[in-house]
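Everything on this sheet refers to the single structure shown next.
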Amino acid sequence: MDYQPRLDEIKRLLFGVLQAPQHLRALLPFAEIDVDLMQQVLDEAGKFVAHEIAPLQRVGDEVGARFEGGQVTMPPGFRAAYQAFWQAGWPALANAPEDGGQGLPAVLEAVLYEMLTAANHGWTMAPGLLHGAYECLRHHGGDELKARYLQKIATGEWLATMCLTEAQAGSDLGLVRTKAQAQTDGSYRITGGKIFISGGEHDLTDNIVHLVLARLPDAPAGPKGLSLFLAPKLLPDGTRNGVFCERIEEKMGLHGSPTCVLRFEEATGWLVGEANKGLNAMFVMMNAARLHVGLQGIALLEAAWQKASAYAAERRQMRAPGASATSLIQDHPAIQRILTTQRAWIDGGRLLAYRTAIELDMIKHHPDAARREAGQRWCSLVTPVLKAAWTRQGFLGASDCLQVFGGHGYVREWGIEQIVRDARITMIYEGTNEIQAIDLLLRKVLPNGGVALGALLDTLAADGPLPAEVQQRFEQLRALTRRLAQAAAGQAELPYWVADDFLQALALALLGWAGARIGAAQQDWQAPARALRHWVLPEFALRLQIIEQHLSETGTTHA
Ligand SMILES: Cc1cc2nc3c(=O)[nH]c(=O)nc-3n(C[C@H](O)[C@H](O)[C@H](O)COP(=O)(O)OP(=O)(O)OC[C@H]3O[C@@H](n4cnc5c(N)ncnc54)[C@H](O)[C@@H]3O)c2cc1C
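Those letters in the sequence shown? Residues 83 to 641, per our numbering, in order.
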């Protein structure tokens with residue numbers, strides 16, 4: 083069974099709970115947005131995903147991307163599907179009209195990519211990367227560079243890569259060694275080796291535009307000495323640039339996406355943004371890129387849930403409690419527990435992710451500075467939580483869905499094991515989940531003594547009446563954050579020990595909030611609400627207890 087977009091559920095969240103069109107209409111570029119227009123776009127997107135992309139899921143895994151003599155051949159059907167995708171305008175959905183885009187809200191792009199990933203994670207990696215490159219170039223590229231590349235990337239006619247990682251430089255990009263040397267004509271020569279570059283070579287598009295982090299000769303050591311360069315596979319005169327694919331990785335999953343080792347040999351490139359400010363140029367796209375990885379977690383969980391639910395509705399084994407004959411396995415409480423728990427994570431995650439996409443547009447377009455600031459706060463705090471907690475649940479929940487199949491899940495036939503393998507990478511790339519937790523607690527929560535987090539919780543509380551237990555979790559988080567901030571002043575190591583538990587606790591508080599919002603709007607959400615109450619949210623207290631333990635062991639008095 084291929085993944086099927088279930089747009090009715092997505093629309094109920096977007097229109098019934100979030101009232102997305104009303105919020106978006108407050109923004110000048112979206113003054114004309116209404117439910118009809120959004121539905122139309124979503125329906126077309128759903129058809130494209132179901133007809134063109136979902137059927138390629140299996141071949142992407144089984145045949146995979148192939149490497150031979152420096153060339154990468156994508157799995158059968160991938161190129162034709164990609165050509166249809168960009169020619170129909172899908173990559174440009176939310177890009178600016180002046181760059182060849184359709185200028186639609188980011189939340190529509192978010193839903194499109196959620197569906198694409200659920201249908202075929204490997205295929206979706208290719209277009210998934212062009213959005214970050216587009217934002218980088220749009221905000222930091224010089225006029226000449228933009229004239230040559232921006233529209234080609236915005237429309238998806240040419241695909242792009244992000245070349246950051248090197249063998250010795252993973253989470254710590256300050257260790258990047260690739261060199262760039264200025265030339266008299268204003269270009270640079272780039273030399274060095276990059277690893278793990280998604281889509282570094284392929285046959286989907288004629289040209290590939292690489293964005294490369296490299297170091298100028300006089301650059302300071304560490305992250306403040308990195309500059310960003312654009313180096314295309316084909317130069318403007320049509321000749322081949324000095325960028326070579328040496329091999330592609332053999333990996334656990336995601337076989338439809340070539341993970342490339344690239345060698346830059348005096349490759350011609352041009353500076354994007356200022357020298358030594360390469361990381362700043364990349365921060366532009368960080369929130370959007372991390373939101374998309376969080377959505378990958380949600381998408382893969384939905385794909386796994388669909389398969390497991392369908393299987394549970396057909397397979398019979400033993401008698402469920404109270405039944406008189408052999409039961410469908412969906413009637414066994416143990417299986418209901420698995421399925422409804424994933425439903426709660428999916429729907430709650432969607433609400434948070436779609437709202438985050440709306441906030442990205444608030445930051446860009448809202449006329450009121452205070453509202454833009456609130457959007458910034460939302461994205462900066464909620465994005466690492468979505469990235470880490472929902473990719474974790476994507477993998478763990480997909481594995482639970484595999485359990486629903488018993489031994490049949492462990493064999494290839496049903497396609498569930500592919501989802502588990504594919505989902506694992508989302509916890510690692512785009513900043514590992516450990517790095518997300520440190521980013522949240524040490525860079526965003528503690529430096530302002532918890533004021534920003536408090537303001538976010540105020541925003542959530544003001545969104546509508548909330549059950550006492552949701553409010554109580556917020557209060558507990560506020561109190562804990564204050565104490566952590568105090569304790570960290572004398573114990574620099576402490577926050578690093580508790581960062582992962584803190585992120586997970588905030589994720590659960592947000593999920594509890596989202597569940598309350600959905601439950602208030604949808605009468606038929608009782609089973610997921612019960613799963614949240616019984617099996618998911620009790621973990622909040624455990625996470626707090628773990629942090630408390632650390633606090634008490636570092637000698638901090640309890641409040
Ligand atoms: C399939 C795939 C696709 C990828 N695509 C791209 C791409 O397109 N472009 C690109 O540039 N890169 C890409 N990557 C690379 C990916 O982003 C890195 O693997 C990731 O950033 C982690 O780096 P690393 O693998 O070197 O692990 P390391 O940084 O060595 O980390 C190892 C472990 O230590 C932990 N750790 C490291 N530092 C800290 C710290 N300060 N505090 C706490 N824990 C820490 C990590 O969380 C991790 O658990 C891809 C990787 C894969 C596997």
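The C-beta atom is built at its ideal place from N, Cα and C for all residues, glycine as well. Keep in mind it's a predicted model, so treat the numbers as computed, not measured.
N- and C-terminal bounds of the alpha helix (DSSP H) containing residue i
i	result
Lys469	Ala451 to Val486
Glu239	Neither: Glu239 is in no alpha helix (DSSP H) and is coded neither H nor E.
Phe365	Gly360 to Phe365
Met444	Pro415 to His447
Ile411	Ile411 -> no alpha helix (DSSP H), and no H or E assigned at all.
Tyr492	Gly489 to Tyr492
Arg372	Met368 to Ala394
Asp90	Leu89 to Lys93
Exposure of residue i, with buried meaning 16 or more beta-carbon neighbours within 10 Å
i	result
Leu624	exposed
Ala456	buried
Tyr492	exposed
Lys110	Residue identity differs from the one stated: residue 110 is Leu in this sequence, not Lys. Exposed: under 16 other Cβ atoms inside 10 Å.
Gln631	exposed
Gln139	buried
Val533	exposed
Ala641	Low per-residue confidence applies at Ala641: pLDDT is 42, beneath 50, and the placement is therefore not dependable enough to give any value.
Ala102	buried
His337	buried
Gln605	exposed
Pro87	buried
Met444	buried
Arg259	exposed
Arg432	buried
Tyr85	buried
Residue span of the beta strand (DSSP E) that contains residue i, given as start and end
i	result
Val45	Any question about residue 45 goes unanswered here, given that the chain covers just 83 to 641.
Phe149	Arg148 to Glu150
Val648	Here the chain comprises residues numbered 83 to 641, so residue 648 is not present and cannot be evaluated.
Chain-order list of residues whose beta-carbon lies under 7 Å from that of residue i (same chain, five-residue window excluded)
i	result
Phe622	Arg555, Ala587, Leu590 and Ala591
Leu32	Because the chain spans 83 through 641 in this model, residue 32 falls outside it and cannot be assessed.
Leu286	Met156, Phe160, Arg161, Tyr164, Ala208 and Leu241
Lys333	Thr341
Leu198	Val131, Ile135 and Thr206
Met509	Thr473, Arg474, Phe477 and Asn515
Gln121	Lys93
His221	Val366
Ile501	Leu382, Ala385, Ala386 and Ala480
Arg503	Met334 and Gly335
Gln573	Thr636
Ala569	Leu576, Leu633, Thr636 and Thr638
Same chain, Cβ closer than 8 Å to residue i, neighbours up to 5 away in sequence not counted
i	result
Leu442	Ala188, Asn369, Ala370, Leu373, Gly457 and Cys461
Ile629	Leu562, Leu566, Val580, Asp583, Phe584 and Ala587
His448	Ala108, Leu109, Arg454 and Gly457
Ala301	Gly307, Leu308, Ser309, Ala357 and Asn358
Asp249	Position check: residue 249 holds Ala in this sequence, whereas Asp was assumed. The answer, listed in chain order, is Gly275 and Ile277.
Beta-carbon separation (whole angstroms), residue i vs residue j, contact threshold 8 Å
i	j	result
Cys483	Ala596	Contact doesn't hold; Cβ gap of about 21 Å is too wide.
Gly536	Arg560	6 Å
Leu175	Ile440	About 15 Å separates the two Cβ atoms, so there is no contact after all.
Ala296	Gly324	In fact, because the Cβ distance is near 13 Å, the residues do not count as touching under 8 Å.
Cys245	His292	5 Å
Pro549	Arg425	Not a contact, Cβ separation roughly 19 Å.
Leu24	Leu434	This structure leaves residue 24 out entirely; the chain is present only between 83 and 641.
Leu255	Pro173	Not really, about 27 Å apart at Cβ, beyond 8 Å.
Gln674	Pro318	Examination of residue 674 is not possible in this model, given that the chain is present from 83 through 641 alone.
Contacts around residue i, its chain only, beta-carbon distance under 6 Å, and the 5 residues preceding and following it disregarded
i	result
Thr639	Confidence at Thr639 is low in this model, with a pLDDT of 45, below 50, so its placement is unreliable and the value that follows should be read with caution. So no residue of the chain qualifies.
Cys342	Ile279, Gly282, Glu283, Cys327 and Ile330
Ile520	Ala581
Gly531	Ala567
Leu316	Asn289
Gln378	Thr199 and Thr508
Next on the checklist: Suppose only complete runs of 3+ residues qualify. What are the beta strand (DSSP E) ranges in the region 494 to 566, listed by chain order?
Outcome noted: none
Item to check | Contained beta strand (DSSP E) runs [length at least 3] in the region 258 to 335, N- to C-terminal order | outcome: Within the region 258 to 335, the runs of beta strand (DSSP E) that reach at least 3 residues and sit entirely inside it are, in chain order, 261 to 264, 270 to 280, 290 to 297, 308 to 314 and 325 to 330.
Next on the checklist: Please give the ranges of any alpha helix (DSSP H) in the region 590 to 634, keeping only runs that are unbroken, at least 4 residues long and fully inside the region.
Outcome noted: 608 to 613
Checklist entry - Can you list the beta strand (DSSP E) stretches of 3 or more residues lying completely in the region 164 to 247, in chain order? => result Fully contained in the region 164 to 247 are the following beta strand (DSSP E) runs of length 3 or more, in chain order: 241 to 245.
Next on the checklist: So within the region 102 to 161, which uninterrupted beta strand (DSSP E) runs reach at least 3 residues, ignoring any that extend past its ends?
Outcome noted: 148 to 150 and 153 to 155
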